[in-house]
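*Asks:* Shown below is the structure under consideration.
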Amino acid sequence: MPSRPADWPDLNPDQRAAVTASMDPQLVVAGPGTGKTRVLVCRAAHLIEHEAVTPSRLVLVTFTRRAAQQLTSRLAALVGPEAQHVRAGTIHHFCYKTLRAHSAPAGVHDDFIVVDDTVTDAFWQRWYEAHERWCEANDLHSYRQVKTHVSRIKLGIDTVSGQLTEGLRAYGEMLGDRGALDFDDLLVKTRDLLRNHPDVRADLVDETRAVLVDEFQDTDPVQFDIIRRLGEVGAHLYCVADDDQSVYRFRGARPANLRRYIDRFDCSAERGTRHVLTTNYRSNRSIYAVAEAVLDADERLKQRGDIRTSDAGTQPVQLVACDDPEAERTHVLRQLHDWLDDGAERSDLAVLTRWNRRLAALERACLRAGLACETSQSEALLDTPPAQKLHALLRVVDARRRGRPLDAPMTELLSHLLPDDTMARLRDFGERSMPDATLWTAFQTVVSNEQARRSAGLDSATDRLDQTYATITNLLQNTQEDGLTIGAFTRTALRQLGDPLQLLRRYADTLTDPASRPSVRQAGTVLDEWRRAQARDARAGDPPRLLLHHRTPQITRLWRQLVRRALDLETDPPAPLPEMQEALFARPADEGIPPLGADDVVLTNDLEALLRWAERTGAFSGSTDTPQILLLAPDGALPSGQKTLLGVDPDDVHVVDPESTFHSPSVRLVKLLQMTSGPSAPEPLFPEYVMVDLEATSTDPRHCRVAEIGALKVRDGTVVDRFSELVQLPEDLTADERETLRTVCGLDPASDFDEARPEAAVWADFCAFVDGAPLVAHNGQRYDFRVLRRLANTHEADAHWATTYDLLPAAHELFPDLRRYDAAHLRETLLDDDADTAHRALADCEDQQRILARMQGERARRRRRLAHEPLLPLLVAALTYESPAPEALSDDAQVFLQVGHTWALRDASPAGDDLRSLLPRALPDRLRQHALYTLIDEEALLTASAGLQPGLARRLAALFAPYADRPLRSEALADLLAHLALWGEETTPQGEDVITLSTYHSAKGLEFERVVCMDVHDNAFPPYFARDPEERRESRRLLYVGMTRAERHLVLTYPKRERGYDRRPTAFLDAAPDELLRVTDAAP
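Residues in the sequence shown are numbered consecutively from 1, following UniProt numbering.
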């Protein structure tokens, strides 16, 4: 073997032989825990350093994006920054890049997009519902089974027949209209490209010197064909596989591909092209021996006994019989608690179940038991309502950008924004009344035409239709803004789409606005001024300081992290130690905290203790320039009769919450930080805009005659100019139009229009008044803006505003419980103004401006009340040290306790590492043993909707982060959509200090110190539907995969009776050595 750097990992002889093998096609058979990742990484490094393979010509094909990132990260440790040029990703990603580079010969659009499951699921679900009888007759019992069958047809595994032929044709047309490919198309078209175009094959080999493939046993026939063809034309192939872990037959994976690869490239041990890694470094001897006994001895590439374990431990695997599924869950919880009591970390524990449906019950049981957990079947980020709506909106924006038909993406967006019954009525109306129109056209017609709405049976849905139309058009108008980035647009869209991203949203109406408490508002001003001065003076090297002081050192440490993260400080604020620990603390005048002055701020819960500490340490200079002191405990003031100490007058100390509304210094600190971080006053909608209103002869924007235009110019939230003009009426007004002007608009056609000017002249003056500023109106997208666009197309004056904004969606978002959202009801409800609804245009503008101010004020209040939700676990930890009586906690504190505990159970807080370093035991455990736990509503923990997942906003931000600064109207948007389709959320933050709950399939590739495998009975292994020997063999392999996730401890469980049937342990365990498998009954 060539010499290798000292920082390379140690390799055993088998691994070393595999890493340094020749450039002939190679196969490495790597069982669980035998170091396949190490071998792959070292092989890549060997090719770069010893075979002169340029990193950009090295392809690493992995099963997931996360695996690709892990490999490239470890490769970088060996070869340095060159590793970033290695082309690592999934086979679908490789095909996507190949088709992008060779779109013309591949017969695909050069700007094709990739659709994900959201789009394909929607199509096949509708198709299944329309052809359910045929599907049931053909053993297809759900749209997912239809979709899987279609995938297998496209991959050449199954054949098409019957009505599905027409379904595939319609599916192809849908993709064609979008200029899109699905995942199977990526594979099939790449295979055909390589098969039919020798010149492309030659180009690919020039670009690709070597292809390293992980998890080769999971390839389907088309993937195998792609890899094989690359090898046949000169690319070096290096495949790592384990036939014992092939468990994806339902996806088309074929273990037979391993045999085909061996035969095609003549891989053998004699030729040095087939290697078996024989040392298992993960599981101990008893675990691996019992797991290997599960496998069928025939047709394996490894023989029983070939693999030896580095850990010779023989602690028996436990097989525990439980009375029923509930008793099984109880035993699992008891086992998890025992392991945690034994010192195990949550991240080292896993529980595997055979069925997805079992995970939900297990998760509920864990949460009730206070066990922080995460499940493999937790709703994926892209399946949450906010992400689905945003994803669909981005597809609409991209279709508009590329000039593609909007029907399919717009229909998808509407399906996410409208209730199912409304969508069904809308589809029915379109098919009956507008058969040649798109659903988007039908929707616009129903929104703008009262008769169409009545025909569709959607009279009662008027508010929802108007809101949805206004939201979509608001956002599409927003895309026209010059220089708009993807990040800015997604933030705006997430707010306007209206889904809650925070758990605190549930309690928004009951939480106290910190600005409503004068003492908190004033203290917030002090802290905000300190923060501004700190940012301003940091460059000069002498910024003002913030000192935290509490009688309890543990609380001080928690406060430091809370303040640092809330105020986005680079370092922790200093905090003195209590008197008993003062010997460990440097005196401020020496190398610790210099004497504090008038620009500095101190937060304390005990004024006397603070001042006596300052006297001992010289922290205060003794002059009149004492720091500003914010007292977070009203009972922590100086004793009565003591007027001053160290020159500090108690009357100059700012007492936060003297009324004791919040009953806790730590809760007061959180409210203070909310006040400091949130807006102190309503923020203007735009720096400058024009509020507009029209009076006209009907509510039909297509045919109404404009009678009056009113407008306000608003700059920095203040009205600076007004516009009001009557428009000369035509002579052919109908009686109905005249009546509308009198009763609705308050205008008399006979007397009020004597001085009115022609429409063209009024329009020209109005355009000059607007002067390009954004237009704002209530329900403007459905009516006012459509009328204005009609006038712009009629007259010559240049209407050059770029942005329009409808107030209706914001009214729904901020005041979701109103009965109606018309302007009159908003004025009456929000402004307490029940004046006559017949208004002139300018008067309506004045009302709308007042409504907007009320809405902006509510938005500011909401931002303050909901600020810093991710940091609430720090508050919960502080409360466990403060130990207030549960009945004494304020309503806000109880909400914070509930929400903070929920975040801790998911380990979703960015302060998770802080808590792990500061607490002697995990926060959920600590709280569960505390009296405060009596305030936790366990049912609320279990029934949180998908849109209220802890950390959802943070995960969404991480998902879009790589593209956030790139222009929205550019190819970057297509790149983002491809990223979402191909890789989803694999790079977004997840909980770390949690127990993993997973299905056997989802656990593949993971490893844990201690594992419980549930459902190890004769109706799960093999499952009742296993009809042929290969399905039974795969079931053996699946159980083997689950068992070999364990390193040191493995417990198998099963219910003795389930669903009215008796269950026995799976027969797969019959060959397990008796001395290594201990069979017991669960304790009662």
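We put the beta carbon where it would ideally sit given N, CA and C, even for glycine.
1. Anyone know if the C-beta pair for R1037 and D244 falls short of 7 Å?
2. Identify every residue that forms a DSSP beta bridge with D1062.
3. Whole angstroms is fine: what's the gap from R1078's alpha carbon to L918's?
4. Quick check: T804 and L775, are their CB atoms within less than 7 Å of each other?
5. Along the chain, which unbroken stretches of the alpha helix (DSSP H) at least 4 residues long are found entirely within the stretch 142 to 166?
6. Closest to C239 by CA distance: which of L418, D214 and L362 is it?
7. Which whole-angstrom value is the C-beta distance of R906 and G951, which I expect to be below 8 Å?
8. Going by Cα to Cα distance, which pick from H46, H812 and P543 is closest to D499?
9. Does the pairing of the stretch 222 to 232 with the stretch 123 to 142 give three or more beta-carbon distances under 8 Å?
10. Evaluate the contact criterion for the stretch 498 to 514 versus the stretch 525 to 539: three or more CB pairs, one atom per stretch, below 8 Å.
11. If you reduce the DSSP assignment to three classes, tell me which class T20 lands in.
12. On a Cα-Cα basis, can you pick out the residue from V108, A202, V205 and A350 that is closest to D172?
13. Taking just the CA atoms, how far does T571 sit from R560?
14. Assuming contact is defined by CB atoms lying nearer than 7 Å, are H1017 and Y1054 in contact in what I supplied?
15. Quick check on P1023: does DSSP put it in helix, strand or coil?
16. To the nearest angstrom, how far is it from the Cα of D993 to the Cα of D568?
17. F585 to L558, Cα distance in whole Å?
18. I'd like the span of the beta strand (DSSP E) that includes E737, first residue to last.
19. Any idea if E737 is buried or exposed, counting beta-carbon neighbours within 10 angstroms, 16 or more meaning buried?
20. Whole angstroms are fine: how far does the CA of N196 sit from the CA of R87?
21. With R1045 and A350 assumed to form a contact (beta carbons below 8 Å), what rounded beta-carbon distance in angstroms separates them?
22. To the nearest angstrom, how far is the alpha carbon of V160 from that of G1042?
23. Look up L418 in the DSSP assignment and say whether it is helix, strand or coil.
24. Between the beta-carbon of A387 and the beta-carbon of L381, is there less than 7 Å?
25. Could you tell me if Q480 is buried or exposed, where buried requires 16 or more neighbouring beta carbons within 10 angstroms of its beta carbon?
26. Can you tell me where the beta strand (DSSP E) holding N474 begins and where it ends?
27. Could you say which of V1012, P873 and F250 lies nearest to D914 if we only look at CA atoms?
28. Using alpha carbons as the reference points, say which of A253, R259, L465 and G89 lies closest to Y821.
29. Taking 7 Å as the cut-off, decide whether the C-beta atoms of residue 1086 and C845 are in contact.
30. Report yes if the CB atom of K713 is closer than 7 Å to the CB atom of V727, and no otherwise.
31. Please state whether DSSP places F224 in a helix, a strand or coil.
32. Who are the near neighbours of V446 in its chain, counting only those whose CB is closer than 8 Å to its CB and skipping five residues on each side?
33. Are V290 and V317 closer than 7 Å when you measure CB to CB?
34. Going straight from the alpha carbon of L875 to that of R65, what length do you get?
35. By the three-class DSSP mapping on this structure, what secondary structure does C322 have?
36. Mind checking E136: buried by the 16 CB within 10 Å criterion, or exposed?
*Replies:* Answer, in terms of the structure:
1. yes
2. R1057
3. 40 Å
4. yes
5. 143 to 154
6. D214
7. 7 Å
8. H812
9. no
10. no
11. coil
12. One detail in the question is off: residue 172 reads as Gly in this sequence, not Asp. Among V108, A202, V205 and A350, the Cα nearest to that of G172 belongs to V108.
13. 9 Å
14. yes
15. strand
16. 24 Å
17. Legend: pLDDT at F585 = 31, less than 50; position of this residue unreliable, value from coordinates given subsequently. For F585 and L558, the distance between alpha carbons rounds to 18 Å.
18. Segment A735 to T743 is the alpha helix (DSSP H) holding E737; no beta strand (DSSP E) there.
19. buried
20. 24 Å
21. 6 Å
22. 35 Å
23. coil
24. yes
25. exposed
26. Taken as a continuous stretch (DSSP letters only), N474 belongs to no beta strand (DSSP E), being part of the alpha helix (DSSP H) at T462 to N478.
27. P873
28. L465
29. Residue 1086 cannot be examined here, being either before or after the span of the chain that is shown, 1 to 1084.
30. no
31. helix
32. L426, F429, A452, R453, A456, L458 and L465
33. yes
34. 36 Å
35. strand
36. exposed
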